[in-house]
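Quick note on numbering: the sequence shown equals residues 609 to 786 in the numbering used here.
Heads up, the beta-carbon is just placed ideally off N, CA and C, and yes, glycines get one too.
One structure below.
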Amino acid sequence: MNIESLHPVRTEPTRTQILHHLRRSNEIALRALDLGRHPFGALLVGPDHEMVLLEQCNIDTVNHAESTLARVAATNYSPEFLWQCTLYTAVEPCCMCAGTAYWANIGRVVFAMTEEQLLAETGNHHENPTMSVSSHYVYAHGQKPVVLIGPVEELIEETRQVHRDFWRNNDQEAPNEQ
């Protein structure tokens, strides 16, 4: 089997589709808040750029929305199909999530706000020890041409506000280490 058969040609989403799905990822992030979790949400959209196949909110610090969604997708869809799909998330996937999407063979990832912009909102918050490893870096070091779209300027402030409200209202001291 050659690499072209595993990575068929993909069509591109429209700007309207991108904005719609990124706004949905913010709604999923708000659902995570209702469940007592950090405000991150992701969705997987099919090759038609319309059908939502999966939605996932954040679970905990090792089961992020994006990585959990990618693992579930990889157990339910073929690599060939996933290569034509798009993972949408309001905040740039961390290196763990970018890597998981890569290994799941998801062909496109779209985000509104960068990890660096998230760090500006969370600061040195003990519940979000952001790593300075961008998705661009992760995908540039892979052997597959994953398409990465972001940041999306129109939604940065909307996404920033979701995080600003949460992280400032949960600015607690880290638990004492013993």
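Among the residues of its own chain, which have a CB less than 7 Å from the CB of Thr676, if the five just before and after it don't count?
-> Indexing the sequence shown from 1 puts residue 676 at position 68. Correct list, in chain order: Gln664, Ile667.
On the DSSP bridge assignment, give the partners of Gly649 in chain order.
-> Stepping through the sequence shown from its first residue, residue 649 is reached at position 41. Its beta-bridge partners are Cys665.
For Val680, name the three-state secondary structure that DSSP assigns.
-> Here residue 680 refers to the residue found at position 72 when the sequence shown is read from its first residue. Looking at Val680 - three-state DSSP - the assignment turns out to be helix.
Sequence ranges, alpha helix (DSSP H) only - wholly within the region 716-778, length at least 4 = 723-730, 743-748, 761-777
Three-way DSSP call (helix, strand, coil) for Thr624 in this model | Locating residue 624 in the sequence shown gives position 16, where the first residue counts as 1. Helix at Thr624.
Whole-number beta carbon distance between Leu756 and Glu745, since they are thought to touch under 8 Å = As a first step, residue 745 must be located in the sequence shown, where it is residue number 137. As a first step, residue 756 must be located in the sequence shown, where it is residue number 148. First, the amino acid is wrong: residue 745 is Tyr here, not Glu. About 10 Å; that fails the 8 Å criterion.
Taking the C-alpha atoms as reference points, what is the distance between Ala678 and Thr708?
-> In the sequence shown, residue 678 corresponds to position 70, counting from 1. In the sequence shown, residue 708 corresponds to position 100, counting from 1. Distance between the alpha carbons of Ala678 and Thr708: 6 Å.
Residue burial classification, Arg776 (beta-carbon count within 10 angstroms, cutoff 16) | Along the sequence shown, one-based indexing puts residue 776 at 168. Exposed.
Quick one: grab the DSSP three-state call for Leu690.
-> Counting from 1 along the sequence shown, the entry for residue 690 is found at position 82. Helix.
Report the rounded CA-to-CA distance for Glu620 versus Trp691, giving the unit in angstroms.
-> Here the question's residue 620 lines up with position 12 in the sequence shown. Here the question's residue 691 lines up with position 83 in the sequence shown. Glu620 and Trp691: Cα-Cα distance of roughly 12 Å.
Give the secondary structure of Leu695 by DSSP, where H, G and I count as helix, E and B as strand, and everything else as coil.
-> Here residue 695 is taken as the residue at index 87 of the sequence shown, counted from 1. Leu695: strand per DSSP, three-state reduction.
Should Ala706 go down as buried or exposed, given a rule of 16 or more other Cβ atoms within 10 Å for buried?
-> Translated into positions along the sequence shown, residue 706 becomes position 98. The residue in question, Ala706, is buried, as its Cβ has 16 or more Cβ neighbours within 10 Å.
Can you check DSSP and say which residues form a bridge with Val660?
-> Working through the sequence shown from its first residue, we reach residue 660 at position 52. Bridge partners of Val660: Val653.
Classification of Gln780 by the beta-carbon crowding that lies within 10 angstroms, buried from 16 upward | The residue given as residue 780 occupies position 172 in the sequence shown. Note that Gln780 scores a pLDDT of 49, beneath 50, so its modelled location is shaky; the value from the coordinates is reported in the next line. Classification for Gln780: exposed.
Where does the unbroken alpha helix (DSSP H) through Met707 begin, and where does it stop?
-> On the sequence shown, position 99 is the one that residue 707 refers to. According to the sequence shown, residue 707 is Gly rather than Met. Start and end: 703-712.
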